[in-house]
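S.K.: 5 is the number of the first residue of the sequence shown in my numbering; add one for each residue after it.
Virtual Cβ for every residue (Gly too), placed ideally from N, Cα, C.
No experiment lies behind these values; they were computed from the predicted model shown.
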Amino acid sequence: MVESGTKWGVIMFMGEYHHNIDDKGRITIPSKLRDLLGHDFVITKGLDNCLFIYPKAEWEQVMDKYKNLPNTKNVRNFLRVFLSGATTCEIDKMGRCNIAPSLIKYASLKKECVIVGVNERLEIWSLETWEKFMKDNENNLSTIADELFENMVI
């Protein structure tokens with residue numbers, strides 16, 4: 005997706021940010037991420053018990069890819085889960101977005117949350133789930149990189 009304010013002409017989210025979610029389901033999106041995210045965006049159920057946040061234009065590209073998938077049981081089931089929680093959100097004057105209760109429950113979000121930039125999207129994790137994910141994967145990172153980038157220099 006082209007974004008005029010980025011160095012390489014594409015949106016690339018990166019970094020790890022710790023923020024609290026309040027009792028009303030609002031979480032502050034860091035200002036440097038808000039600029040890339042835009043005013044309105046889509047939050048949905050992600051993989052590994054986190055939430056995915058897509059800028060509107062990126063969401064449309066994801067949906068275009070899904071339109072070309074075969075009509076198999078696995079595709080239908082995945083889309084049901086993925087799209088059932090999809091919600092269009094906006095940033096309020098305080099830099100927060102309001103997360104639907106069903107999405108908060110899905111990702112087990114409590115007070116402390118982690119927002120992670122993952123290339124074309126953001127992810128929101130509960131602190132506990134994020135720490136477990138990192139611990140479970142830290143020893144495998146080299147092996148994963150070897151498999152993914154077998155013929156590339158990184």
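1. Which residue comes first and which comes last in the beta strand (DSSP E) that contains M67?
2. Can you name, in chain order, every residue of its own chain whose Cβ lies under 7 Å from the Cβ of E20, other than the five neighbours on each side?
3. In whole angstroms, what is the alpha-carbon distance linking P74 and M98?
4. Tell me whether the beta-carbon of E124 lies closer than 7 Å to the beta-carbon of H43.
5. Measuring CA to CA, which of N144, L51, V46, D68 is closest to Y58?
6. Quick check on F56: buried or exposed, where buried means 16 or more other Cβ atoms within 10 Å of its Cβ?
7. Give the secondary structure of T32 by DSSP, where H, G and I count as helix, E and B as strand, and everything else as coil.
8. Would you list, in sequence order, the uninterrupted beta strand (DSSP E) runs of no fewer than 3 residues that lie entirely inside the segment 72-115?
9. Leaving out five residues before and five after S112 in sequence, what residues of the same chain have Cβ atoms less than 8 Å from its Cβ?
10. Let me know if F17 comes out buried or exposed under the rule of 16 or more other beta-carbons within 10 Å of its beta-carbon.
11. Going by DSSP in three states, D150 sits in which element: helix, strand or coil?
12. When DSSP builds the beta bridges, which residues end up paired with I15?
13. Which one of I15, D26, L51 has the shortest CA to CA distance from K36?
14. Expressed to the nearest angstrom, what Euclidean distance is found between the alpha-carbon atoms of P34 and N24?
15. I'd like to check one pair, T48 with A90: are the Cβ atoms closer than 7 Å?
M.R.: Per the coordinate set shown:
1. Run containing M67: none in the beta strand (DSSP E); it sits in the alpha helix (DSSP H), 60-71.
2. V118, V120
3. 42 Å
4. no
5. For Y58, the nearest C-alpha among the options comes from V46.
6. Under this definition F56 is a buried residue.
7. strand
8. As far as the segment 72-115 is concerned, its whole beta strand (DSSP E) runs of at least 3 residues are 91-94, 100-102.
9. Cβ within range, chain order: N53, S130, E132, T133.
10. buried
11. helix
12. Bridge partners of I15: none, in fact.
13. I15
14. 12 Å
15. Yes, these two residues count as a Cβ contact at 7 Å.
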